[in-house]
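These notes are about the structure you will find just below.
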Amino acid sequence: MAEFNVNLPYFDGLLEKIREGDAEVIEAFGFHVHWGYWGNPAAADGSIADFARAAEELSRRVCDAAKLKDGMRILEVGCGFGGNLASLCDRFSNLELVGLNIDDRQLARARELVQPRNNNKVEFVCADACEIPFADSSFDAVIAVECIFHFPSRERFFKEAQRVLKSPGSLALSDFVPQAWTLPFIQLTEPLFQSSVSEVFGTVNGDFTLANYRNLARETGFFSRLEEDITINTIPTYPAIRSLQRKRGLKEEERISFLTELAGRLGLIRYMILSFDKA
Ligand SMILES: C[S@@+](CC[C@H](N)C(=O)[O-])C[C@H]1O[C@@H](n2cnc3c(N)ncnc32)[C@H](O)[C@@H]1O
Numbered sequence: 002m003a004e005f006n007v008n009l010p011y012f013d014g015l016l017e018k019i020r021e022g023d024a025e026v027i028e029a030f031g032f033h034v035h036w037g038y039w040g041n042p043a044a045a046d047g048s049i050a051d052f053a054r055a056a057e058e059l060s061r062r063v064c065d066a067a068k069l070k071d072g073m074r075i076l077e078v079g080c081g082f083g084g085n086l087a088s089l090c091d092r093f094s095n096l097e098l099v100g101l102n103i104d105d106r107q108l109a110r111a112r113e114l115v116q117p118r119n120n121n122k123v124e125f126v127c128a129d130a131c132e133i134p135f136a137d138s139s140f141d142a143v144i145a146v147e148c149i150f151h152f153p154s155r156e157r158f159f160k161e162a163q164r165v166l167k168s169p170g171s172l173a174l175s176d177f178v179p180q181a182w183t184l185p186f187i188q189l190t191e192p193l194f195q196s197s198v199s200e201v202f203g204t205v206n207g208d209f210t211l212a213n214y215r216n217l218a219r220e221t222g223f224f225s226r227l228e229e230d231i232t233i234n235t236i237p238t239y240p241a242i243r244s245l246q247r248k249r250g251l252k253e254e255e256r257i258s259f260l261t262e263l264a265g266r267l268g269l270i271r272y273m274i275l276s277f278d279k280a
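What follows is the structure, given as structure tokens:
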């Protein structure tokens, strides 16, 4: 297995806080580890409970983009602590779910948290999303919630998703997608924040534009079906998580959160849900 982003620094921190029983961190990130979605961002109240509800809502929207139905066999890559799989177990029945993650420590927590209710089956596998250890045409859908930017290669992941998907089959993901015109600016300012981003978040490849996704989909045999810009609906994530970071003295995290919020508000980087059908 590729030794790439296995133990991400922010997961080291989360696992430590979870071990210590930090109730706020557990509520915010002990289950879903991604941003939130607010249908009405103006109504966000900044609380951790509100953020946790919004994180569940984002999970549902990405999964819905894969057109899931009862009885399907579904692979979630980068499944983290299993929050998305637990949500699927509440909403559907007779699913065969596989959670794949590169960090066994996260899978240990996911195995404890995910209860396969409603006649659903769940299994977990420790692997790299770019080397999926399953047979060709073995899944109806592949889901990747806010994790693709950590993978060693989006191209290899798309090829693997194409290989393991049945036809028809769907791939749905969420990602931070920069506007093409911002790339020179991002590359110019990268030295100012790149080392602190990797200290906190590990390797993050944040330069993949929507045009890159469209080309990649075409080259790997997918049709782009959905390109939804939900940046504005995710913005209340930032003040909510900054209040957590401030209380715990995580100054660098706070600074990165502030800059990412600014990039979102200025339209430099969009938070998008994308889905693709196997051609
Ligand atoms: C921001 S977290 C998202 C977790 C989960 N998708 C969720 O929504 O709660 C990113 C996840 O990607 C996983 N990851 C990073 N590189 C990976 C890889 N090459 N293969 C599989 N998972 C990977 C990390 O371990 C982490 O669980």
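Heads up: the sequence shown begins at 2 in the numbering used here, then just goes up one per residue.
Cβ coordinates follow ideal geometry from the N, Cα and C atoms, glycine included.
TODO: Would you check if the distance between the CB atom of residue 236 and the CB atom of residue 63 is smaller than 7 Å?
DONE: no
Task: Straight-line gap, residue 90 to residue 185 (C-alpha atoms, nearest Å) - done: 43 Å
- [ ] Compute every distance between the C-beta of residue 37 and the non-hydrogen atoms of ligand 1, then say whether any falls below 6 Å.
- [x] no
Task: Start-end ranges of the alpha helix (DSSP H) lying completely within the segment 187 to 219, minimum 4 residues - done: none
Open item on the list: Does the structure place the segment 38 to 46 close enough to the segment 228 to 242 that three or more beta carbon pairs sit under 8 Å?
Closed with: yes
Task: Selection from 86, 213, 14 and 79 that minimises the alpha carbon distance to residue 152 - done: 79
Task: Beta-bridge partners of residue 179, as assigned by DSSP - done: 270
Open item on the list: Starting from residue 228, trace the beta strand (DSSP E) in both directions and tell me its first and last residue.
Closed with: 223 to 230
Open item on the list: Using 8 Å as the cut-off, can you tell me whether the segment 125 to 140 makes contact with the segment 156 to 175, which would need three or more C-beta pairs spanning the two stretches below that distance?
Closed with: yes
- [ ] With a cut-off of 5 Å, give the chain-ordered residues whose Cβ is closer than this to any heavy atom of ligand 2.
- [x] Ligands in the displayed structure: ligand 1; ligand 2 is not one of them.
TODO: Buried or exposed for residue 70, please, with buried defined as at least 16 other CB atoms from any protein chain shown within 10 angstroms of its CB.
DONE: exposed
Open item on the list: Please state whether the Cβ-Cβ distance between residue 53 and residue 77 is less than 7 Å.
Closed with: no
- [ ] Quick one: give me the first and last residue of the beta strand (DSSP E) that residue 1 is part of.
- [x] Limits of the chain in this structure are 2 at one end and 280 at the other, which puts residue 1 out of reach.
Open item on the list: Out of 140, 21 and 92, which one is the CA nearest neighbour of residue 307?
Closed with: What the structure shows of the chain is the stretch from 2 to 280, and residue 307 is not part of that stretch, so it cannot be assessed.
Task: Exposed unless 16 or more other CB atoms sit within 10 angstroms - verdict on residue 245 - done: buried
TODO: Decide yes or no for the touch test of the segment 90 to 107 against the segment 262 to 278: beta carbon pairs closer than 8 Å, at least 3 of them.
DONE: no
Task: residue 23 to residue 221 span [Cα, whole Å] - done: 43 Å
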